[in-house]
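Chains as they are written, first to last, in my numbering: chain A, 1 to 41; chain B, 1 to 505; chain C, 1 to 165.
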């Protein structure tokens with residue numbers, strides 16, 4: 001909370017990396033929902 | 001009480017609108033450089049016309065008040081409202097000269113669609129359009145997506161007197177940083193990083209697949225801008241289907257999701273606070289929303305024979321849910337397939353995804369996850385209150401950047417915008433139906449326009465009735481401004497008109 | 001001009017009797033009759049546009065445009081070698097006649113609508129499209145230039161007057 005207005009520039013590469021990883025995982029999760037539905041039918 | 005605009009107000013509004021139009025004109029230098037680089041001389045001339053006319057018109061408007069004139073908050077609201085139209089008029093000039101549009105109205109439709117990051121298009125013979133013109137079409141996504149004012153701010157052109165109020169009026173009043181200028185710069189920094197990353201990834205893919213370096217690189221840039229800014233234009237008539245590539249679809253999915261993240265969330269994650277993504281009400285709402293709609297689309301598609309396999313469910317179902325929910329509108333189906341091939345449930349899921357939209361303070365459109373989350377929390381609070389003893393005080397907390405308490409004011413504000421969106425979705429659908437289109441398709445197209453998505457069932461075409469073109473343009477404009485700004489513009493114009501009448505009597 | 005030439009080529013080929021097993025169709029016709037044609041052998045005629053995009057194991061994608069609709073064609077790379085000119089801003093692409101199996105939602109390619117080609121024939125070679133400069137636009141640019149110049153000069157004049165006063 002206290003870092004609310006801290007500089008976001010310092011660790012931007014790490015931030016970008018975690019965004020890419022988290023969003024990839026999210027896409028995979030959505031895909032798995034789809035696959036699971038087809039499999040369950 | 002209604003406040004009337006004075007002559008000074010109108011002059012200030014004219015001046016700042018002029019600044020923004022001139023700014024759009026200067027940005028046309030970019031496609032002009034591309035045209036020169038590619039040796040497309042006829043196109044270079046189109047942009048020479050565009051630059052000079054936009055800068056000229058902008059400078060002319062700027063004469064209405066001296067530089068540095070103060071701009072009040074309410075006037076700033078009106079400037080942003082008008083700026084979208086004025087900027088679209090300027091941006092449409094080179095497009096109209098391209099020869100790929102049936103009329104100036106069609107070019108204007110595309111300019112507005114581009115600036116509002118919608119992605120509906122009336123372009124003709126897109127597959128033979130020059131790369132420089134495509135550069136401009138896609139740049140409108142970037143300019144409009146980051147915000148016309150943010151764009152002008154960061155290039156620091158003559159907004160001295162009105163910068164702060166304009167910035168807030170553009171609907172980005174959640175401050176990322178204490179200083180407005182820094183906030184605008186951070187938005188561009190995130191955008192630059194993501195656009196660079198996306199362009200590198202996609203141009204590698206394109207070049208490996210056999211495209212030339214220039215074409216592959218430009219196509220990659222176009223696709224990156226169109227997805228990160230949740231726009232939806234594409235340089236080929238088949239849109240994302242042109243590439244026939246699951247890798248392309250995966251990379252663009254990431255870009256769409258990154259584009260629909262609140263810039264404050266980007267800031268928090270880049271500050272090292274990954275927990276914010278997990279606890280944020282907006283992120284949670286959006287994740288649950290996309291999860292449920294993916295489930296629905298999977299149920300819907302697996303019931304059809306056509307798209308029944310799991311790979312098809314993922315590439316046609318999940319792809320379009322993310323594309324719709326993030327407000328992008330990239331499409332790997334033919335427009336006419338929506339009504340006949342995907343089945344009722346998948347169709348409905350995509351319409352709902354479009355209607356809900358992405359996060360606030362991003363380039364996404366629609367009702368927005370924050371409002372949906374607040375409304376759901378409000379409903380839960382009401383139920384809890386009705387079950388609790390009368391003396392009990394029920395408080396609901398939620399996390400959005402900081403810990404916040406749910407108030408009736410917040411809920412009613414969210415509900416107001418929710419209702420306005422729904423009314424507009426339905427009215428647009430009814431108007432489409434009145435023009436003779438099937439109700440379901442008309443509703444799909446209306447939602448797509450209002451939520452600035454850009455998926456199409458094929459109603460949006462150069463042959464559509466002029467009246468409907470104008471209706472969709474109004475919807476895209478209203479949706480991008482989230483209504484209140486639009487109403488402010490209409491109310492001021494109406495008041496000015498009424499007063500004139502009164503004076504004449 | 002280019003479009004007329006393409007249409008002419010189209011008419012000529014369609015009028016040719018018994019050139020293929022099935023009468024050649026445009027991409028729009030195939031899209032419109034997708035339910036009927038699904039899984040059938042079709043002949044598609046249209047302009048090869050854009051790029052030859054590599055897929056996997058020596059197969060490529062080629063997009064073929066006719067009547068405003070472009071359709072993806074999946075074919076072996078050596079078959080695509082016959083195409084020399086691809087349609088873009090500067091070119092009208094080769095007019096090709098593609099025969100193969102039409103799939104409304106191809107199971108192999110994630111539900112993409114495509115044609116798995118068994119034969120490709122260039123029926124009319126592509127050409128360079130002339131993009132002449134339209135001189136009336138210089139007038140428009142001149143008007144804009146005059147507008148800009150006049151506005152800038154007037155603003156400067158006004159500033160000098162107010163500063164002087």
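The beta carbon of each residue, even a glycine, is placed where N, CA and C say it ideally should be.
Legend entry - Three-state class that DSSP yields for residue 404 of chain B in the structure shown: strand
Legend entry - Status (buried if at least 16 other CB within 10 Å, exposed otherwise) for residue 282 of chain B: buried
Inset, instruction - In angstroms with no decimal places, state the Cα-to-Cα distance between residue 461 of chain B and residue 254 of chain B. - result: 29 Å
Inset, instruction - Identify every residue that forms a DSSP beta bridge with residue 61 of chain C. - result: C:53, C:74
Inset, instruction - Compute the distance between the beta-carbons of residue 66 of chain C and residue 118 of chain C, then report whether it is under 8 Å. - result: no
Legend entry - Three-state class that DSSP yields for residue 509 of chain B in the structure shown: Only positions 1 to 505 of chain B appear in the structure, and residue 509 of chain B is not among them; the question remains open.
Inset, instruction - Using only the heavy atoms of the ligand MN, determine whether one of them is closer than 7 Å to the beta carbon of residue 99 of chain C. - result: Absence of the ligand MN from the depicted structure is noted, as is the absence of any ligand whatsoever, leaving it without description.
Inset, instruction - Give me the Cα-Cα distance between residue 467 of chain B and residue 93 of chain B, rounded to the nearest whole angstrom. - result: 21 Å
Inset, instruction - Enumerate in chain order the residues of its own chain whose CB-to-CB distance from residue 155 of chain B is below 6 Å, with the five nearest sequence positions on each side excluded. - result: Because the pLDDT at residue 155 of chain B is just 49, under 50, the model does not fix this residue reliably, and the point stays unresolved.
Inset, instruction - Less than 8 Å between the CB atoms is what I'm expecting for residue 114 of chain B and residue 140 of chain B, so what's the real figure, rounded? - result: 3 Å
Inset, instruction - Return the Cβ separation of residue 111 of chain C and residue 263 of chain B in integer angstroms, given the expectation that the two are a contact with Cβ distance under 8 Å. - result: Not a contact, Cβ separation roughly 34 Å.
Inset, instruction - Could you name the residues of chain B that residue 23 of chain A contacts, counting a contact when the two beta carbons are closer than 7 Å? - result: 254, 257, 258
Legend entry - Proximal residues to residue 239 of chain B (C-beta, below 7 Å), its chain only, five neighbours per side dropped: 330, 331
Legend entry - Supposed contact pair residue 63 of chain B and residue 456 of chain B - C-beta distance, whole angstroms, cut 8 Å: About 41 Å; that fails the 8 Å criterion.
Inset, instruction - Indicate the three-state DSSP secondary structure (helix, strand or coil) for residue 425 of chain B in the structure shown. - result: helix
Inset, instruction - Closer than 8 Å by beta-carbon distance: list the chain B residues that pair up with residue 104 of chain C, in chain order. - result: 306, 341
Legend entry - Assumed close pair residue 298 of chain B, residue 317 of chain B - CB separation to whole angstroms, cut-off 8 Å: 6 Å
Inset, instruction - May I ask you to verify whether the stretch 265-275 of chain B touches the stretch 242-250 of chain B, counting CB pairs closer than 8 Å and requiring at least 3? - result: no
Legend entry - Local Cβ density within 10 Å of residue 211 of chain B, reported as buried at 16 or more and exposed below that: buried
Inset, instruction - Given a cut-off of 8 Å, decide if residue 248 of chain B and residue 202 of chain B are closer than it, judged by their beta-carbon atoms. - result: yes
Legend entry - Cutoff 8 Å: residue 49 of chain C Cβ touching any chain B Cβ: yes
Inset, instruction - Flag residue 309 of chain B as yes if its beta-carbon sits less than 8 Å from any beta-carbon of chain C, otherwise no. - result: yes
Inset, instruction - Kindly say whether residue 238 of chain B, judged by its beta-carbon, lies nearer than 8 Å to any beta-carbon of chain C. - result: yes
Legend entry - Among B:15, B:343, B:182, nearest to residue 55 of chain B - alpha-carbon criterion: B:15
Inset, instruction - Using alpha carbons as the reference points, say which of B:414, B:411, B:371, B:451 lies closest to residue 506 of chain B. - result: Summary: the structure shown does not reach residue 506 of chain B, with chain B confined to residues 1 through 505, and so no result is reported for it.
Legend entry - chain B contact residues for residue 113 of chain C, given Cβ-Cβ distances below 7 Å: 334
Legend entry - Minimum Cβ-Cβ distance from residue 243 of chain B to chain C less than 8 Å: yes
Legend entry - Closer than 8 Å at the beta carbon, the chain A residues around residue 193 of chain B: 12, 16
Inset, instruction - Could you pull out every unbroken alpha helix (DSSP H) segment of at least 4 residues lying fully inside the stretch 244-327 of chain B, listed in chain order? - result: 246-260, 263-270, 275-279, 281-302, 319-325
Inset, instruction - Give the interface partners of residue 459 of chain B over in chain C, defined as CB-CB distance under 9 Å, in chain order. - result: Near residue 459 of chain B there are no residues of chain C at all, since even the closest Cβ is about 15 Å away, more than 9 Å.
Legend entry - residue 36 of chain C at chain B interface by Cβ criterion, 8 Å: no
Inset, instruction - Over the uninterrupted beta strand (DSSP E) stretch that includes residue 117 of chain C, give me the two end residues. - result: 114-124
Legend entry - Touch test, the stretch 122-139 of chain B against the stretch 97-109 of chain B, Cβ-Cβ under 8 Å, three pairs minimum: yes
Legend entry - Spatially closest choice to residue 344 of chain B from B:362, B:379, B:440, B:413, by CA coordinates: B:440
Legend entry - 6 Å CB neighbourhood of residue 92 of chain C in its chain, flanking five on each side removed: 2, 126, 127, 129
Inset, instruction - Give a yes or no on whether 8 Å exceeds the smallest Cβ distance from residue 290 of chain B to chain A. - result: yes
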